[in-house]
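Asks: Dropping a structure here in structure tokens format, bear with me for questions.
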Amino acid sequence: MKYVFGPISSKRLGQSLGVDLLPPKSCTWNCIYCQLGKTKKYVTERQEFFPREEILNEIRQTLALNQPLDWITFVGSGETMLYKGIGWLIAEVKKLTTVPVAVITNGSLLSLPEYREELLLADAVLPSLNAGSAALHDRICRQASAFTFQQHVDGLVAFRREYHGRLWIEVMLLGGINDSDEALHDLGTVLKQINPDMVHLVLPTRPAPEQEIRLPSDERIERAIAILSAAATVVNPLKGNMDLRNAPDKLEAITAIVSRHPVQQRELHKAIADCFPAESEKADAIMQELLASERFNCVEHNGEPYWVMKVEVN
Ligand code: SF4
3 MKYVFGPISS KRLGQSLGVD LLPPKSCTWN CIYCQLGKTK KYVTERQEFF
53 PREEILNEIR QTLALNQPLD WITFVGSGET MLYKGIGWLI AEVKKLTTVP
103 VAVITNGSLL SLPEYREELL LADAVLPSLN AGSAALHDRI CRQASAFTFQ
153 QHVDGLVAFR REYHGRLWIE VMLLGGINDS DEALHDLGTV LKQINPDMVH
203 LVLPTRPAPE QEIRLPSDER IERAIAILSA AATVVNPLKG NMDLRNAPDK
253 LEAITAIVSR HPVQQRELHK AIADCFPAES EKADAIMQEL LASERFNCVE
303 HNGEPYWVMK VEVN
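In the numbering used here, the protein residues as written are 3 to 316.
Below, the structure is given as structure tokens:
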């Protein structure tokens, strides 16, 4: 499969089938924590990067496998809304299945009414907001020059007014960067203006190849939950867990997942072990084989080993 990957199991979206609409890396931002590496060239113009019918066919074929799914999630190796035709794809997927559709986006294009309209059929939209001030937003997201913090906030506020699905704002909490009381109060003020259904606090648990990013302390995470809860229900930052049991080709599924984001070694080991509950030694042997395949590297981040792709994908 070229566009469809998973299903991946996560605490936030359950069994989620991913659909990647972009060539890596196509983004309007260059976040300091981006796990895809540096944005070498900003992309700000929408394009139909791949034929929409090809993408829809893959989704159709995957749905025919009748795997248990909680969500179909449009994500991208960059900013999902850059795919021209996302509105059409959402509408076509809704004709094929009752599985709800989620869109993960940085939200930078939501200031444009015609783009917002394309997302109205989605069941959940998860845009990013990492700061409540222009200075901190610019420092973290390093957006292309055509974009501003105020435009980003205005887009989110307008989208909330028009959109009746679930609006879940993702906040990446970075140790020593946006976890001070002042930064959190600024963020809470902006979140109140937007009025999302929930705030998903996420942590930089995956390596950011470009620079060293620190996890916030437990005390700062608790403080963030306390402060931001005044604006919306805050989902605790929980680590996702992979589920490979229904993947027809496990190596292909692992490659698809690791090529999009690094995966904690123990999470990968557990996912493989869950596939062979009666053979306790098998996961170790498969992990050794996978490493010997020279596709993956094991790197350390905050004392945890992670798997990343050996070949640069962006
Ligand atoms: S918006 Fe997402 S893909 Fe784009 S730079 Fe930020 S983290 Fe990376």
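A virtual CB, placed ideally from N, CA and C, is assigned to each residue, including glycine.
This structure is a prediction, so every number in the text was calculated from the model and none was measured.
Touch check for the region 36-47 and the region 112-127: three-plus C-beta pairs under 8 Å?
Replies: Cβ pair count under 8 Å is below three, so no.
Asks: Taking the alpha-carbon of C33 as reference, which of R144, R62, Q290 and R48 has the nearest alpha-carbon?
Replies: When each option's Cα is compared against that of C33, the closest is R144.
Asks: Hey, N108 and W31: beta-carbon distance below 8 Å or not?
Replies: For N108 and W31, yes; Cβs fall inside 8 Å.
Asks: Which parts of the region 33-100 are runs of the beta strand (DSSP E), unbroken and 3 residues or longer, counting only runs that do not cross its ends?
Replies: As far as the region 33-100 is concerned, its whole beta strand (DSSP E) runs of at least 3 residues are 73-77.
Asks: If you draw a straight line from the C-alpha of L246 to the C-alpha of V260, how long is it?
Replies: The alpha-carbon atoms of L246 and V260 are separated by roughly 13 Å.
Asks: With DSSP collapsed to three states, give me the class of R225.
Replies: Note: R225 maps to helix in three-state DSSP.
Asks: Assuming L158 and T75 are in contact, meaning their beta carbons sit under 8 Å apart, how far apart are those beta carbons, in whole angstroms?
Replies: The pair is not a contact, with the Cβ atoms about 19 Å apart (cut-off 8 Å).
Asks: Give me the Cα-Cα distance between E60 and P102, rounded to the nearest whole angstrom.
Replies: Spanning the two alpha carbons is a distance of roughly 17 Å.
Asks: Take F161 and list the residues in its own chain whose beta-carbon comes closer than 6 Å to its own, dropping the five residues that flank it on each side.
Replies: Correct list, in chain order: L112 and R118.
Asks: DSSP three-state call for K241: helix, strand or coil?
Replies: Here the model assigns K241 a pLDDT of 47, short of 50, so the residue's position is not dependable and the matter cannot be decided.
Asks: Let me check understanding here. Comparing Cα to Cα, which of S219, E164, R297 and D181 lies closest to P198?
Replies: Comparing Cα-Cα distances from P198 to each of S219, E164, R297 and D181, the minimum goes to E164.
Asks: Apply the 10 Å Cβ neighbour rule to S295 and answer buried if 16 or more other Cβ atoms are within range, or exposed otherwise.
Replies: So S295 counts as exposed.
Asks: Give me the DSSP bridge partner(s) of C300.
Replies: Paired residue(s): W309.
Asks: When you compare only the Cα positions, how much space is there between A285 and G8?
Replies: Cα-Cα distance, rounded: 19 Å.
Asks: Tell me, please, whether the region 168-185 touches the region 127-135 by the rule of three or more beta-carbon pairs shorter than 8 Å.
Replies: With the cut-off at 8 Å, the region 168-185 and the region 127-135 touch.
Asks: What are the partner residues of L169, as DSSP defines its beta bridges?
Replies: For L169, which the question treats as bridged, DSSP gives the partners V127.
Asks: Could you spell out where the beta strand (DSSP E) holding G109 opens and where it closes?
Replies: Neither: G109 is in no beta strand (DSSP E) and is coded neither H nor E.
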